[in-house]
Structure formats: structure tokens, C-alpha cells
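Here the structure is laid out as C-alpha cells; the discussion comes afterwards.
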């Protein structure tokens, strides 16, 4: 099967997921990004560079439209997603949703007849 285009790199670092895609020849106005709870969709459309009515002699840049959806392993905050296009590389930063971030859990120790407090000695 042919590889999906554009090729993507996806990784997680702390409370963020990053996606990079190489999309040379596409401008900002050619690209649409849709983010939802656990997925991100990239769409792009590039118009032909040849003037209307011109006769093509060689056409090697055949990718004029793409759509890729990435299923994410955790929920993201779609309102906080940021994207940058630099030198033909699209980089999308997806912060995790608050519900997907690890939470510290307080531990209480309760024994028979005594109660231990984490900050110091025993209470009876």
C-alpha cells in the first residue's frame, strides 16, 4: 500500500503532544487544521502553479490535495492548539486536556487505634 501523505512525526513531551508534517509548496491559506477531543485532522489544497490554458510538459508535483487524521492516545484541549508553518514544515502543538493530565493523589495512613500524619509523629 502506498504511504499516506504527508508523512507525520508524532510525539509526547510532558503535557503536550507534537505533530510535524513536511508539506513543501503549501501556504498558510492552503492548510486547514481541525482539533477535537482525541483527534487532529490536517487538510490542504494547492492550486496548480501553471497559468490557465498552459500545456503541461512535465507534471511531477501531483499532490494538490491531502487529508490526514491522527487519533491521539489522550484528550487534548482544542482551544489551546497552536500551529506554525516554517520552511515547508508544519508543527502543531497540542496541550493535553486538564482531564488527561496526571494528578497528585494525597495519601492518608489510618491504622488500628492510631492515625498517622504524613508531616510528623503519631496521633492517638
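In the numbering used here, the protein residues as written are 1019 to 1142.
Quick reminder that beta carbons are idealized off the backbone N, C-alpha and C, glycines included.
Predicted model only: the values in this text are computed from it and were never measured.
### Message
Can you give me the C-alpha to C-alpha distance between residue 1071 and residue 1063, rounded to a whole angstrom?
### Response
On the chain shown, residue 1071 is found 53 positions in, with the first residue counted as 1. On the chain shown, residue 1063 is found 45 positions in, with the first residue counted as 1. Computed Cα separation, rounded: 20 Å.
#### Entry: Limits of the beta strand (DSSP E) - the one that residue 1113 falls within
The count along the chain shown starts at 1 and reaches residue 1113 at position 95. Here the beta strand (DSSP E) through residue 1113 covers 1107-1113.
### Query
For residue 1093 versus residue 1056, is the C-beta spacing smaller than 9 Å?
Position 75 of the chain shown, counting from 1, holds the residue named residue 1093. Position 38 of the chain shown, counting from 1, holds the residue named residue 1056. Going by C-beta atoms, residue 1093 is nearer than 9 Å to residue 1056.
#### Entry: Rounded separation between residue 1128 and residue 1122 - CA only
Sequence index remark: in the chain shown, residue 1128 carries index 110 (1-based). Sequence index remark: in the chain shown, residue 1122 carries index 104 (1-based). The alpha-carbon atoms of residue 1128 and residue 1122 are separated by roughly 19 Å.
### Task
Pick out the complete beta strand (DSSP E) segments inside the segment 1019-1094, 3 residues or longer, and give them in chain order.
1026-1031, 1034-1040, 1049-1054, 1057-1063 and 1083-1089
### Query
Which one or two residues does DSSP pair with residue 1102 in a beta bridge?
Numbered from 1 along the chain shown, position 84 holds the residue referred to as residue 1102. BP columns for residue 1102 point to 1109.
### Message
Quick test of your reading: residue 1088 and residue 1099, contact by CB under 8 Å. State the CB separation rounded to the nearest angstrom.
### Response
Taking the first residue of the chain shown as 1, we reach residue 1088 at position 70. Taking the first residue of the chain shown as 1, we reach residue 1099 at position 81. The Cβ separation is near 12 Å, so there is no contact.
### Query
Apart from the five residues on each side of it in sequence, which residues of its chain come closer than 6 Å, Cβ to Cβ, to residue 1082?
Translated into the one-based positions of the chain shown, residue 1082 becomes position 64. 1064, listed in sequence order.
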